[in-house]
Every structure is written in structure tokens, then in C-alpha cells.
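All remarks here apply to the structure that follows.
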Amino acid sequence: MVFKAPVVLPEDTIKYPNALITTLNRRNTWVDSVFNRLTPAERIAQLMIVEAFPNNGKKNEEDVLNLIRRYKVGGIIFFQGGPVRQAKLTNKFQAASKVPLLISMDAESGVGMRMDSAMQYPLPMLLGAINNDSLIYRMGTEIAYEFKRLGMHLNFAPVVDINNNPNNPVISYRSFGENKKDVTSKSLAYMLGMQEHGIIATAKHFPGHGDTDVDSHLDLPVINYGRERLDTLELYPFRALIRSGVGGIMVAHMHLPQLDSSVQNIPTTLSRPVVTNLLKRELDFSGLIITDAMVMKGVTKYFKSGEAEVMALVAGNDILERLVSVPVAIKAIQAAIREGKISQAELDRRCKKVLAAKYWVGLNRYKPVPLQNIYQDLHTSRAHETNRRLAEGAITMLHNKRNILPLQKPKRKKQKIAVMAVGAARPTFFQRKMAERAPIEAFWLPRRSTKKNRDLLLKKLKKHSQVVIAIYGPSIRPSNHLGLSKEERDLVDQLIRDKRAIVTLFDNAYTLNQFSDMAKTNGLIVGYQQLPAVQEAAARLIFGEIKPNGKLPVTVSDHFKYGDGL
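Counting in full-length UniProt numbering, the sequence shown runs from 1 upward without gaps.
This is the structure we're talking about:
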């Protein structure tokens, strides 16, 4: 039976996802009544989402309130804060707004990705290892519940990029993997979990950001392949989600000269051939088309504020996200209307579409966010159980030579299993969970270790007949580089060559390549992230309490390929 969180939907919201697309394109009296109270300039501002940072204090709060009161912007995207701080700001912003605000977050792994004191769900690479997509649907329903509890309506997720470039600096672990069918099925499950529970999903980054070696936050990626390649690979998941009623699509900042060479260095966000001709007309998408952040270097490097927003609207986007300057953009758009580059009537139509989205999420009956019990409501036993199931469904065993796993507990009382945390300087959750199951001695190999400390550590480890190595990245998010020195990696390789090591990686699967002898391990487990649920799942797997279920969602090397997993 498919799990569905008990989320209360607005009365007029129909549960099936295509109801959203129908609502966006159907006239209704609430939309008309709100629209008729807006000036032409305010209708333009309804197409803008501005950022708010609850951690940045009064100055940021006043800046946002000014944009709401003076210009009547259409929505907010929240970053960096806590649940109570954000809820209070949401209520304050909504109270100041002439039209209820569409509240959004870039929460690919749930609200805990952007705020403290909230649930951290897995990122897509871990989810890509799962064979049971109903678990991902379940996560989508939980995230929908948490969004609604915080008064939010629009999630800039799922990422449907196909990560077929291991050197991609910006997508990597944010993708479900390298196989287009896997990416499609998993992103579809996530999307349905959210939209069937009243939250608008946004597939990104159109037309596909998986095969780039440049981060569009920092520069403009140039992609030299054309339609044949896009049709067979990158567009595959977008087509499927469009057929299934995804509410939004975010357009990436990339330059595809084979699709549009009309302007030098034009990003896809500002390209009419990409946004209107390909996405709207050929793929028949009639949901919300949203730009990636307009403050990113992928746009600002070649196009100035005002000019870029005009081009984005002419290209066919409905919503401009995170602008360099709202007043500059509005003035430039008004000038473009006078010059005949775009019509007020066309922008009015898009304004009504944004208002219809607000209607679908229930803003026609707006109520403030209740502040009581927010922390408890964001940490339900149901949410923790979801995380446990996701972790156990994803944990991937790549090696089990000579049946070294499940690990046998020491028979002699004084004998202990050595558990070494690489990249850590203090006891880890994994070591704690291992200690609950068998006598262990804990060791640590922190970054920037000294030769003296490494030599002493190696001497101590040699006294143990069994060594379990847990490898951690430098932050709670997966990394592209573990940040370990050559000497620290060499110590791990030496332990692997001694044939006594079981290795568990709590980081990006691609980082397996940073150890020259990793293919020689007797036991090798990939957990993909440092989430506590994953660390506990690894301990349970090592002692045979659960069986491995995950498969590698990407090819790491000739030794570790897509689909591998015992």
C-alpha cells in the first residue's frame, strides 16, 4: 500500500496532478477579481520572486518588506533560517502584501536543506540507489506536509538532470543518476508525492544541466550538442513529467549555440527558441516557466540588470526568480512594452497564470502560519521512519569478498574491532552505532594530520585483526573532493592492502576514485551521505541486521559501474 501523509488540501484542490495545469489555464472569478485591483506595474511585479534570509536580521527584512509594499512582488524564496523565524517572517510578509505571496524554497532534499532544526532528507544521488520508488513518493508527501506547515507553496525540485559527467561541478549528487529512465521514474515519484498533496513541483534545469563542466552560478556553461542528443537523453525526463502534469519547469543558464546563436553568449533562460519554441510549443508545456536565479553569473556576466529580465520575459518565462534589482527590472520592462518588444496584454496573461497558481495552493483562503508546536510538527515519528526506510533502501554493498560480511563479533572478551573515522576528529554517529553492537576501539584520522599522528595510528591499528574504515567528506552535504591529503589517502590504501579493512563511504560515490586501492577492499559499502539514518543503516548492514538493497546510480570507474551492488 502506498503511504500518504495526512495533509489537509484546500477545498478546491483536486488531488490528481494535472488539475494544477488545468487550473493555471482556466479562468476563475478569484483570479479576475484580484487581477482587476492591480495596476499594470503591479501585474509585472507579480511575475517576480525575491529572496529572503531570516538569518540576516532586520536589514534584509526591511528590504523585502519594501519590495512587497512598494512594488507588490509576487513571491518570496526563503534561504538560511529556522522554522519559527521563517514562519514569523512569512506572516509579517503576507500581512504587508496586497496580494497573498507565493512562498517558495529551493529544497531539493526538504526544508532541512535550507533551515536549521528541521528534517534532513536524502539528496538525489542516494535516492537514485533505491530500487523502490514508492519510498521516494513517500518522501515527497512528507516534504509537502512540511512545506504546508510552514506556509510554503512551491518547491524548486525535483532535479531531473541526468548526471552523465562525473566532473560536473554543480549537479553531481543533486541528480538521481546517469540513467534517463531511473532519473525519470524517481523524479516522477517525488513530483507526484508533492503535487498530490498540494505543493507545486518544479522540474529543473531545462533543457538539462547534467553534462556540464562549468557551474552556472559562477560562469556560463557552453554546450555544443544539438537536438538529436537532447531528444534522446536530456529531454527524456522533462517530457515524462510534462505528460504527468508537473506544475513548474525551471530553465537553466546555459548557452546552446546549436539551439540559439542569435545573440552571442545567450543563456537558455533568455532564449526564445528554447523557452517558447522548444518548451512551450514542441513539448506542449503550459505550466509555470521559471528562470533560474537571475543573480547568477550565467546571466549577469554578459547581460545587465533590466536587459536580462526583459529578454527572459520575451523568451517566454512566466516567473523571474531572484532579480539583481526589482525597480530596475520593472522600469526596463515598462520601456520594453512602450517599444513594442512585449505587450502588456501578454504579461497580463502571465500574471493571471501566477494568480491561478496562488489559487490552486489555497491562497484565496489565506491563513497565517500557526507558530505553536512547529518543531514537533517538523519532526514526526512518521518523518523519521521515512528517513530510515530511505537509508536502508539505498545502502549499497559493492564488495563482500570471502563473505567478510556480516561481521562476526569478537569471541574473546578483550578483543575489539577497530573503527576508524577518516575525515573526523571526534566520535561519530556510526562509531556509536557500531559500539552498540560489538566491542570496538574508536580511532580518528582528521584532515591535516601530522606524520607523527599517522604513524602512531597505523601502529595501533596493526594490533587489531579487523578494521572498519568510515570515510567522511568535509561537510554534511556530499562533496566532489574529500579534502584528504595524499598521505591520508595512502594510509587508507595501506589498510585496504592489508586485507583486513571493511570500508564504508558516507559521501559522494564519485569520491571512491580518490583512493588508488579501493577496488581491492574485501568489504565495501557506499552510503552516499552522512545522514544519521545512513550511518545507522551501515552499522546494521555490517552486522547482518539488514540486507543490502541499493545499486550504484552512476559509473564511478571501470571497477564501480552503474547498477553495481550485491
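Ideal Cβ placement from N, Cα and C applies to all residues, glycine included.
Starting from residue i, follow the beta strand (DSSP E) in both directions and report where the run begins and ends.
i: PHE443; result: 440-445
i: PHE78; result: 75-78
i: ASN400; result: 396-400
i: SER104; result: 102-105
i: VAL251; result: 248-251
Quick check: the Cα distance between residue i and residue j, rounded to an integer number of angstroms?
i: PRO406; j: PRO548; result: 11 Å
i: VAL419; j: MET113; result: 29 Å
i: VAL31; j: VAL160; result: 31 Å
i: ALA356; j: LEU24; result: 5 Å
i: GLU11; j: ASN55; result: In this prediction, GLU11 scores a pLDDT of 38, lower than 50, which makes its location untrustworthy; the coordinate-derived value is nonetheless stated afterwards. Distance between the alpha carbons of GLU11 and ASN55 is about 35 Å.
i: GLY177; j: ILE130; result: 11 Å
i: MET294; j: LYS72; result: 19 Å
i: GLY550; j: LEU541; result: 12 Å
i: LEU9; j: PHE285; result: Low local confidence applies: a pLDDT of 38 at LEU9 is under 50, so the model's placement there is unreliable, and no value is given.
i: MET254; j: LYS499; result: 47 Å
i: PRO446; j: ASN508; result: 18 Å
i: SER185; j: ILE199; result: 19 Å
i: ALA19; j: ASP116; result: 33 Å
i: ILE289; j: SER343; result: 18 Å
i: LYS4; j: LEU188; result: Caution applies to LYS4, whose pLDDT of 40 falls short of 50 and renders its modelled position unreliable; the value that the coordinates give is listed next. For LYS4 and LEU188, the distance between alpha carbons rounds to 16 Å.
i: LYS181; j: ARG239; result: 12 Å
i: LYS297; j: ASN400; result: 46 Å
i: GLY565; j: VAL492; result: 22 Å
i: PRO427; j: ALA391; result: 21 Å
i: MET434; j: ILE476; result: 20 Å
i: LEU233; j: LEU461; result: 48 Å
i: ASN317; j: ASP348; result: 13 Å
Would you identify the three-state DSSP class for residue i, choosing helix, strand or coil?
i: GLY193; result: helix
i: ARG426; result: coil
i: TYR366; result: coil
i: ASN155; result: strand
i: ILE49; result: strand
i: HIS481; result: coil
i: ILE525; result: strand
i: ILE374; result: helix
i: ILE404; result: coil
i: ALA203; result: strand
i: LEU320; result: strand
i: residue 630; result: Outside the displayed span of the chain (1 to 566) sits residue 630, for which this structure offers no information.
i: HIS379; result: coil
At what residues does the alpha helix (DSSP H) containing residue i begin and finish?
i: VAL492; result: 486-497
i: THR90; result: 83-96
i: PHE238; result: 235-243
i: THR29; result: 29-35
i: LEU566; result: Note, LEU566: premise wrong, no alpha helix (DSSP H); not H, not E.
i: ASN60; result: 57-66
Kindly give me the distance between the Cβ atoms of residue i and residue j, rounded to whole angstroms, as I take these residues to be in contact under 8 Å.
i: ALA315; j: VAL263; result: Not a contact, Cβ separation roughly 11 Å.
i: ALA96; j: ILE68; result: 5 Å
i: PHE560; j: LEU378; result: No, PHE560 and LEU378 are not in contact; Cβ-Cβ is about 36 Å, not under 8 Å.
i: PRO553; j: MET191; result: Actually they do not touch by this definition, with Cβ atoms about 18 Å apart.
i: PHE206; j: VAL251; result: 5 Å
i: TYR472; j: VAL422; result: 7 Å
Which residues does DSSP pair with residue i in a beta bridge?
i: GLU307; result: According to DSSP, GLU307 bridges with nothing at all.
i: VAL419; result: ALA442, VAL468
i: VAL295; result: For VAL295, which the question treats as bridged, DSSP gives no partner whatsoever.
i: LEU505; result: ILE471, VAL526
i: MET115; result: GLY81
i: THR545; result: Note that residue 545 is Glu in the sequence shown, not Thr. Looking at the DSSP assignment, GLU545 forms no beta bridge with any residue, so it has no partner.
i: VAL274; result: VAL274 pairs with nothing; no bridge assigned.
i: GLU108; result: GLY110
i: VAL222; result: HIS255
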